[in-house]
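**Student:**
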Amino acid sequence: MSLLITEKPKTETWSPTPLLDPKSLNLFFSPKDRLRLTVGAEYSYPTVKPAWASPLNYPGRYLSLLNGKGEEIVLIADPHDLLPAARDAVMEEVARRYLTSIIVRVLDARSEFGATYWHVETDRGFRDFVTQSLQENAQWLSPKHLMLIDVDGNRFELVDVTALDDGSRKHLTAIL
Amino acid sequence: MKPVELEPRNTESLFGPQEGVLIRLLADFADDGQFGKRTLEVTSQHLRILESSGAESTRIPIAAIRSARNEPLVGGGRLEVQLKAGEIVPIVSYSLTVAAKFSEAARGIEQLAKGEPLLINLKEERLRCVKCDRLLPEKDGICPACVNRGKTLLRILTFMGPYRWKAVSLAILSFVTTILSLAPPTIQGFLIDGVLKTHQNYSRLLLLMGCWLGVLVTNSIIQVLNGQTIAFLAGNIAADLRATVYRAIEFLQLTFFDKKQVGAIASRVTSDTDRIWGFLVEGVPYLLLNGLTVIGITAVLFYIKPVLAACILAPIPIVLGIGFLFWKPMSQMFHRVGQKWARFHTHLNESLSGIRVVKAFAKEDLEFGKFGQRNKELRDAGVQVDSRWYTIFGVMTFFTTLGNLIHWTVGGTMVYRGELTLGQFWQISAYLALAYGPLQWFSAVNQWFSRAMSGAERIFELIDMDTESYGDKEAHHDIVGEVAFSNVRFGYDKSNPVLKGLNFTAAPGEMIGLVGKSGAGKSTTINLVCRFYEPDAGTISIDGIDYRDISLQDMRNQIGIVLQEPFLFNGTIGENIAYGKPGATFEEVVRASRAANAHNFILSKPDGYDTMVGERGSKLSGGERQRVSIARAILHNPRILILDEATSSVDVETEKQIQEAISHLVKGRTTFAIAHRLSTLRNASRLVVLDKGEIAEIGTHEELMTKQGVFYNLVQTQTAINEIIGVGTT
Chain F
1 MSLLITEKPK TETWSPTPLL DPKSLNLFFS PKDRLRLTVG AEYSYPTVKP
51 AWASPLNYPG RYLSLLNGKG EEIVLIADPH DLLPAARDAV MEEVARRYLT
101 SIIVRVLDAR SEFGATYWHV ETDRGFRDFV TQSLQENAQW LSPKHLMLID
151 VDGNRFELVD VTALDDGSRK HLTAIL
Chain Z
1 MKPVELEPRN TESLFGPQEG VLIRLLADFA DDGQFGKRTL EVTSQHLRIL
51 ESSGAESTRI PIAAIRSARN EPLVGGGRLE VQLKAGEIVP IVSYSLTVAA
101 KFSEAARGIE QLAKGEPLLI NLKEERLRCV KCDRLLPEKD GICPACVNRG
151 KTLLRILTFM GPYRWKAVSL AILSFVTTIL SLAPPTIQGF LIDGVLKTHQ
201 NYSRLLLLMG CWLGVLVTNS IIQVLNGQTI AFLAGNIAAD LRATVYRAIE
251 FLQLTFFDKK QVGAIASRVT SDTDRIWGFL VEGVPYLLLN GLTVIGITAV
301 LFYIKPVLAA CILAPIPIVL GIGFLFWKPM SQMFHRVGQK WARFHTHLNE
351 SLSGIRVVKA FAKEDLEFGK FGQRNKELRD AGVQVDSRWY TIFGVMTFFT
401 TLGNLIHWTV GGTMVYRGEL TLGQFWQISA YLALAYGPLQ WFSAVNQWFS
451 RAMSGAERIF ELIDMDTESY GDKEAHHDIV GEVAFSNVRF GYDKSNPVLK
501 GLNFTAAPGE MIGLVGKSGA GKSTTINLVC RFYEPDAGTI SIDGIDYRDI
551 SLQDMRNQIG IVLQEPFLFN GTIGENIAYG KPGATFEEVV RASRAANAHN
601 FILSKPDGYD TMVGERGSKL SGGERQRVSI ARAILHNPRI LILDEATSSV
651 DVETEKQIQE AISHLVKGRT TFAIAHRLST LRNASRLVVL DKGEIAEIGT
701 HEELMTKQGV FYNLVQTQTA INEIIGVGTT
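Shown next, in the form of structure tokens:
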């Protein structure tokens, strides 16, 4: 495959969602750690950074591809519309860029002396963290969806608190 | 060079013996994205990554590296190096907990790659308590669980120091009132046995009633005195606490305010001080009075009839046990109701203050739906906590009244058998009523104490926090005006530097225009000049002296600032202008406002200089507020002047007046100016063009326009935009 290194010239008209056919987007790693995009056979973006446009309300949907300067190249409504190889490449980069964790089990949660100490199991393994001022740092994104932000700014998501096991829910009820 | 070691080594270095490890850091993500451990090791010749197994997974020669940086990711960061060949290589990912340290390490790698000495600050931070191994709420902070409560309590009691005699008298009065409250049941007992049962000694009845009256009157007087003492102590201690906390907050570093919401800080001044105050003036007397009462009653009961006393008091441990068992979950539930109330209030405030928008979009039903949801949450939480509370209270009441039942059963039998007089029986009944009431609340005292202690810890943490470094307060220096930046590096988030090695010198009286795109570091530069923050690396000197060696108060007294959104205090225009020079004469105020082109608009107000400006100056227009703030700066007569977008929020005519005022203001002062409209910096002596935290260009307006570089492009872009939206650039 021949790689073009020139980016698409700036367009005159402004479009809220750049209109590109997802099937025409070829995403791959070149060199091995840098995600690259070629659109058809016309132009190429040597550095591409994927960013979820609404990761909390529309998880897994609306993926924006940004160029090296942080400007949007295209907004993909559903990454499943990409070709399988392109999707695999972009999702690999997404996994590298999003270091947030999803809590699957609350093993212990204790509020003491103004701080809350959590011991949880996440999709990335076990983790201990501390939160302060739960009014600000335990954000209900919907009646079931909860986001905890620890004292360092790390984010832990509880996608559906009603789907947790009894023990986890008991801890959450006691704290929140 | 000493290695910067942050974690104990658990693997042998695979570098050669001559290669000492200079940086060693532990990352908290494994290669597969799971939480884990990977170690970054840097020597003068290599950089490498060790996996948790000890195996080396990456090794790059320092000589091959051009630059290194922390790439901010969502929820963490990634150390990346760019090789001289141009390739960018990701090295290791980590969470935000350690991101700042890796950012500093990136700087160190860059220094080594450039052959410079390693000058980074990677001090070891404690994440866990050394005593109990709990995670610390703040790195290197205190462990709330291991705080010495005895010491904290003693420190709280020092607030009583200035009023120690009042406190002692309160304790004595409490003791006396306890003794007196034990007297009536004894009098009643004597009355029943000595008069009512025998139908004799009527004069004794009158005598006993006289005693009772005496006790009542004395007790009432003491209680009035007690109340007055409590009120005195409450008011004074609360005021002292608030003043101490407020004073401590005033001198804290601005980084503290960046991290905390104003509401959260305010709550330390109000609710945390209230908790301590509540404990001191309500909790301590409550504990003192009721504790003494219960001890006194127990002693009297055992004195009268030990067997009966033991039977009657048997349910007491159960009552206390229930209290201790259920108080914590109950208080958590009450806390939850409090949170629901807060959510409810937030929504109510928001929808009422935004009522125009709600109506304009016809979203009354939507808002009512949200209101209904919050209201339901509040109702459910309230119902749950109340029903639980009444259940527990019911059980406690059962055990409380059980004491009475035992008394009537056992005591009644004793009276029947003649082992106990009727008077003693009655006396014990009366004591029981006095004893069981306070017992129900004793379990709350532990919670009360804990809340007060945690409030106290938060307050003391704030009082003990590092304040701004004020330097030697006596070290006065009359600023001439040379300001030199030497390799200045700074970031609000230490993992993400905003300024990356600034080098330039402003000569005395020079006007420096700071130019650049949004986020380039212009405002950060002036924040550093004002010493709101201090450089993470490098130095800023004033007249050749490192500005950290000049008294902060003295330095700020010689710096003036005019902001885009000037902040005026609620008061008169005259008071606001004189803020920078307390004690200024009226003539001086007028002179300053004339120079600021403010005098005429002030005179057009009915109350002239006595016009109240309202909260944050809301009764004045944007241009008027700006001119008042310029007059304030002129009167302050600073040697160094900061103009931060001073004319961006006003119309063209007002801007002209403000520009004129500014031209009076800058004369003879070293000035740093940021302006949205680049053309307004035409008069600047030199322009410093910033790009991503670095200096892209320096020169006069003409020089930079001729050069046709970054500044030229910015001007061209702005001219084009102004033409599109039909605004002239004059």
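Chains F and Z, in that order, are what the protein sequence lines are. Per our numbering, numbering of the first sequence is gapless, rising by one per residue and ending at 176. Per our numbering, numbering of the second sequence is gapless, rising by one per residue and ending at 730. The beta-carbon is built from N, C-alpha and C at its ideal position, and this holds for glycine as well.
Of all the CB atoms in chain Z, is at least one closer than 8 Å to the CB of LEU99/F?
**Tutor:** For LEU99/F, the answer is yes, since a Cβ of chain Z falls inside 8 Å of its Cβ.
**Student:** When DSSP labels each residue in this structure, what does ILE60/Z get in the three-state scheme?
**Tutor:** strand
**Student:** Give me the chain Z residues within the contact set of PRO31/F, using Cβ-Cβ distance strictly less than 7 Å, ordered along the chain.
**Tutor:** GLU87
**Student:** So ASN503/Z is in the beta strand (DSSP E); what residue range does that whole segment cover?
**Tutor:** 499-506
**Student:** In chain order, what residues of the same chain lie with their CB nearer than 6 Å to the CB of ILE674/Z, ignoring the 5 residues before and after it?
**Tutor:** LEU514, LYS522, ASP644 and GLU645
**Student:** Do HIS636/Z and GLY571/Z have their C-beta atoms within less than 8 Å of each other?
**Tutor:** no
**Student:** Taking Cβ positions only, does SER429/Z come closer than 8 Å to chain F?
**Tutor:** no
**Student:** Would you identify the three-state DSSP class for LEU280/Z, choosing helix, strand or coil?
**Tutor:** Helix.
**Student:** List the residues of chain F whose Cβ lies closer than 7 Å to the Cβ of PRO137/Z, in chain order.
**Tutor:** ALA115, VAL130, GLN132 and VAL151
**Student:** Tell me which same chain residues have a C-beta within less than 7 Å of the C-beta of VAL415/Z, skipping the five on either side of it?
**Tutor:** If the five residues before and after VAL415/Z are omitted, its C-beta is found closer than 7 Å to the C-beta atoms of LEU422 and PHE425, all from its own chain and listed in chain order.
**Student:** For a test of the three-state rule: what should DSSP assign to ALA41/F, helix, strand or coil?
**Tutor:** coil
**Student:** Please identify the residue among SER93/Z, GLY291/Z, GLU125/Z and LEU213/Z whose C-alpha is closest to the C-alpha of PHE175/Z.
**Tutor:** GLY291/Z
**Student:** Report the three-state DSSP secondary structure of ALA673/Z (helix, strand or coil).
**Tutor:** strand
**Student:** Would you list, in sequence order, the uninterrupted alpha helix (DSSP H) runs of no fewer than 4 residues that lie entirely inside the segment 409-436 of chain Z?
**Tutor:** Within the segment 409-436 of chain Z, the runs of alpha helix (DSSP H) at least 4 residues long that lie entirely inside it are, in chain order, 412-416.
**Student:** Strictly under 8 Å for the Cβ-Cβ distance: is ARG169/F near chain Z by that measure?
**Tutor:** no
**Student:** Against chain A, does ALA174/F count as a neighbour if the rule is that its beta carbon must be under 8 Å from one of theirs?
**Tutor:** In the structure shown, chain A does not exist; the protein chains are F and Z.
**Student:** What's the C-alpha gap between LEU352/Z and GLN223/Z?
**Tutor:** Near 46 Å, if we compare the C-alpha coordinates of GLN223/Z and LEU352/Z.
**Student:** Just mark TRP277/Z as buried or exposed, buried being the case when its beta carbon has 16 or more other beta carbons within 10 Å.
**Tutor:** buried
**Student:** Which bits of chain Z does GLN139/F rub up against, with CB to CB less than 9 Å?
**Tutor:** Neighbours of GLN139/F on chain Z: none; closest Cβ ~11 Å, over 9 Å.
**Student:** I'd like to confirm the pairing. Which residues does DSSP put opposite PRO90/Z in its beta bridges?
**Tutor:** GLU80/Z
**Student:** Residue range of the beta strand (DSSP E) that PHE485/Z falls in?
**Tutor:** Element bounds for PHE485/Z: 483-490.
**Student:** Between the segment 623-635 of chain Z and the segment 596-608 of chain Z, do three or more beta carbon pairs fall short of 8 Å?
**Tutor:** yes
**Student:** Counting only beta-carbon separations shorter than 8 Å, does PRO8/Z have a partner in chain F?
**Tutor:** Note that PRO8/Z scores 38 on pLDDT, short of 50, meaning its location in the model is unreliable and no value can be drawn from it.
**Student:** Under 8 Å between beta-carbons, which chain Z residues line up against GLY125/F? List them in chain order, please.
**Tutor:** GLN34, PHE35 and GLY36
**Student:** Just to confirm the assignment, what range does the beta strand (DSSP E) spanning ILE175/F have?
**Tutor:** First-last for ILE175/F: 166-175, but that is the alpha helix (DSSP H), not the beta strand (DSSP E).
**Student:** Check distances from the C-beta atoms of the segment 89-103 of chain Z to those of chain F and list, in chain order, the residues that come in under 7 Å.
**Tutor:** VAL89, PRO90, SER93, SER95, LEU96 and THR97
**Student:** I want to see whether chain Z comes within less than 8 Å of GLU157/F, judged by CB atoms only; does it?
**Tutor:** Taking 8 Å as the CB threshold, GLU157/F stays off the interface with chain Z.
**Student:** Mapping DSSP to helix, strand and coil, what is GLU116/Z?
**Tutor:** coil
**Student:** Starting from TYR117/F and walking both ways along the beta strand (DSSP E), at which residues does that stretch end?
**Tutor:** TYR117/F -> beta strand (DSSP E) spans 115-122.
**Student:** I'd like to know whether the C-beta of GLN253/Z is nearer than 8 Å to at least one C-beta of chain F.
**Tutor:** no
**Student:** So, using beta-carbon positions, are ILE318/Z and PHE399/Z closer together than 8 Å?
**Tutor:** yes
**Student:** Which chain F residues sit within Cβ distance under 7 Å of ARG134/Z?
**Tutor:** TYR117
**Student:** Output the boundary residues of the alpha helix (DSSP H) element that contains ASN349/Z.
**Tutor:** 316-353
**Student:** How about the segment 612-621 of chain Z and the segment 563-578 of chain Z: do they share at least three Cβ pairs that are nearer than 8 Å?
**Tutor:** yes
**Student:** Compute the Euclidean distance between the alpha carbons of THR346/Z and ALA661/Z, then round it to the nearest angstrom.
**Tutor:** Roughly 43 Å separates the two Cα atoms.
**Student:** Candidates LYS494/Z, LEU502/Z, VAL688/Z and LYS581/Z: which alpha carbon is nearest PHE485/Z's?
**Tutor:** LEU502/Z
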